[in-house]
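Counting from 1, one number per residue, gives the positions in the sequence shown under UniProt numbering.
Don't be surprised by glycine CBs; every beta carbon is placed ideally from N, CA and C.
Beneath this line is the structure, given in structure tokens, with notes to follow.
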Amino acid sequence: MKTVHIPGHVDDQPMILFWEMDEVAVGAMFFIIGYIMRELTICIVLAFIMVKLFQGWKNNQLNGVLIHMSYKFGWWRLNEVFKNGNIKEWIA
């Protein structure tokens, strides 16, 4: 049997500059809220603070925790079979 090298970054999320995609989503949420409320400067500062706090919280959690949480709460579908994360028991 031949050994195969598996890269260590296969399961990593896509990166934008130095943030992972879920961190960009948190920052973009604050940016959009600040734009709507016409308080963009305050919300940009809040976005950087919240992304830093989210990074610290995410280091102790599962990889892709934001995607897992959004599926659990029913905001994101997993695939064509399991469309709703709110259904806890699936009967065929």
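DSSP three-state assignment for residue i, whether helix, strand or coil
| i | result |
| --- | --- |
| I6 | coil |
| I87 | coil |
| E23 | helix |
Boundaries (first-last residue) of the alpha helix (DSSP H) holding residue i
| i | result |
| --- | --- |
| Q55 | L40 to K58 |
| D12 | Premise fails: D12 is in no alpha helix (DSSP H) and is neither H nor E. |
| M1 | Segment: none, M1 is in no alpha helix (DSSP H) and carries neither H nor E. |
Exposed unless 16 or more other CB atoms sit within 10 angstroms - verdict on residue i
| i | result |
| --- | --- |
| F48 | exposed |
| V45 | exposed |
| F73 | exposed |
| F30 | buried |
Residues near residue i by beta carbon distance below 7 Å, same chain, minus five either side
| i | result |
| --- | --- |
| L40 | G34 |
Closest residue to residue i among the options (Cα-Cα distance)
| i | options | result |
| --- | --- | --- |
| M69 | I6, T3, D22 and L53 | D22 |
| V26 | W57, W19 and V51 | V51 |
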